[in-house]
Amino acid sequence: MTTILLAESVTVKFGGVTALEDVHMDVKQGEFLSLIGPNGAGKTTLLNTITGVVTPVNASLKLGNKDISNLPTHKRIRLGLALTHQIVRPFKSMTILENVAFAAGFKKVRKIIPSLITLNRSLEKKKAIEFLEMVDIAQYQDQEVSKLPLGVLKRLEVARALAVEPQILLLDEPLAGLNSQEAGKLADTVKSISKQGVTIVMIEHNLSEVLRVSDRLHVLDNGRNLAQGEPKAVMNQPEVRAAYLGI
Ligand SMILES: Nc1ncnc2c1ncn2[C@@H]1O[C@H](COP(=O)(O)OP(=O)(O)O)[C@@H](O)[C@H]1O
Ligand SMILES: [Mg+2]
2 MTTILLAESV
12 TVKFGGVTAL
22 EDVHMDVKQG
32 EFLSLIGPNG
42 AGKTTLLNTI
52 TGVVTPVNAS
62 LKLGNKDISN
72 LPTHKRIRLG
82 LALTHQIVRP
92 FKSMTILENV
102 AFAAGFKKVR
112 KIIPSLITLN
122 RSLEKKKAIE
132 FLEMVDIAQY
142 QDQEVSKLPL
152 GVLKRLEVAR
162 ALAVEPQILL
172 LDEPLAGLNS
182 QEAGKLADTV
192 KSISKQGVTI
202 VMIEHNLSEV
212 LRVSDRLHVL
222 DNGRNLAQGE
232 PKAVMNQPEV
242 RAAYLGI
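Mapping of the sequence shown onto the numbering used here: position 11 corresponds to residue 12, and the numbering continues sequentially without gaps.
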């Protein structure tokens, strides 16, 4: 399988804290990779380094054959990356549909301000409805975000990320805060997006869902690589059990 995303020698420091030290991660085209590890392991920092939100001390980042290490975030997004956040951050005064149309406009018109101006354009709205359908919340399209429950907002976050039509979707704890039934359904939705050809990298603590949907696991512990490989084999490694499960 071809490597679509390669992060090598990633070292990140926040003041005196070393969040990541010489971390490597490779992502294969079309796979569903879950990034796991204890709290504070550096998972969010790794994805934020990949999107350019965090500036590393050192990192070599490749998307396909292209070196993206020194590109600003908006250029990385245009090349095919999209990230959802653990804490949902929609525009609260907009409707669900407007939130996704806004994100779709970002892709098309290439600047944030012009994308606001084009908000009424029918093409973005039509596309936005398709993305809402992909995550099963099209029925909420005209509702204001501030009135909707977390389960819908988590799906909205995924729809907004899809709206930039990414090759790789990076998800930071999409299932956090959901009950087990909602978590299972959203994991199914992410799996269906994966089956449509979008490469997935998902940070997630819900291990039963992780094991159910992932092709491969990558484990971080204390800012370092701990293990990677086929899910069951990784979970059986003694160092993973010790660090991650405490057993
Ligand atoms: N913006 C920040 N400023 C200072 N320290 C941070 C910041 N973000 C993360 N850290 C620290 O970096 C380490 C890794 O954090 P994080 O990437 O959020 O871990 P994870 O997502 O695996 O829980 C932790 O020690 C955390 O406290
Ligand atoms: Mg995190």
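Even for Gly, the Cβ is constructed at its ideal location relative to N, Cα and C.
Remember, it's a predicted structure, so these values are computed and weren't measured experimentally.
Distance between beta carbons of residue j and residue i, contact taken as under 8 Å
{"i": "leucine 21", "j": "glycine 43", "result": "4 Å"}
{"i": "leucine 36", "j": "glycine 53", "result": "Contact doesn't hold; Cβ gap of about 17 Å is too wide."}
{"i": "glutamate 205", "j": "threonine 85", "result": "With 8 Å as the limit, glutamate 205 and threonine 85 do not qualify as a contact, their Cβ atoms being about 12 Å apart."}
{"i": "valine 146", "j": "alanine 129", "result": "Not really, about 14 Å apart at Cβ, beyond 8 Å."}
{"i": "alanine 160", "j": "leucine 187", "result": "With a Cβ gap of about 12 Å, alanine 160 and leucine 187 do not count as contacting."}
{"i": "proline 57", "j": "valine 13", "result": "5 Å"}
{"i": "leucine 227", "j": "valine 211", "result": "That pair is no contact at about 15 Å."}
{"i": "threonine 4", "j": "valine 28", "result": "7 Å"}
{"i": "alanine 162", "j": "alanine 83", "result": "4 Å"}
Start-to-end residues for the beta strand (DSSP E) that takes in residue i
{"i": "histidine 206", "result": "Segment: none, histidine 206 is in no beta strand (DSSP E) and carries neither H nor E."}
{"i": "serine 10", "result": "4–15"}
{"i": "serine 22", "result": "According to the sequence shown, residue 22 is glutamate rather than serine. Per DSSP, glutamate 22 belongs to the beta strand (DSSP E) from 18–29."}
{"i": "isoleucine 69", "result": "Here isoleucine 69 belongs to no beta strand (DSSP E), and DSSP marks it neither H nor E."}
{"i": "alanine 83", "result": "82–85"}
{"i": "aspartate 222", "result": "217–222"}
Enclosing alpha helix (DSSP H) for residue i [first to last residue]
{"i": "alanine 234", "result": "232–237"}
{"i": "threonine 96", "result": "Careful: threonine 96 lies outside any alpha helix (DSSP H) and carries neither H nor E."}
{"i": "aspartate 189", "result": "181–196"}
{"i": "valine 153", "result": "151–163"}
{"i": "phenylalanine 132", "result": "123–135"}
{"i": "isoleucine 51", "result": "44–52"}
Beta-carbon spacing of residue i, residue j below 8 Å
{"i": "isoleucine 69", "j": "arginine 77", "result": "yes"}
{"i": "phenylalanine 33", "j": "serine 215", "result": "yes"}
{"i": "methionine 203", "j": "proline 175", "result": "yes"}
{"i": "isoleucine 194", "j": "isoleucine 138", "result": "no"}
{"i": "leucine 172", "j": "valine 191", "result": "yes"}
{"i": "leucine 62", "j": "leucine 80", "result": "no"}
{"i": "valine 199", "j": "leucine 170", "result": "yes"}
Test: residue i CB closer than 8 Å to a CB of chain B
{"i": "isoleucine 97", "result": "No chain B is part of this structure, which consists of one protein chain only."}
Three CB pairs or more closer than 8 Å across the stretch 48–56 and the stretch 231–238: no
Segment contact flag, the stretch 163–173 with the stretch 181–190, C-beta cutoff 8 Å, min 3 pairs: no
Cβ contact check for the stretch 4–11 and the stretch 24–41: 3 or more pairs under 8 Å: Short answer: they touch.
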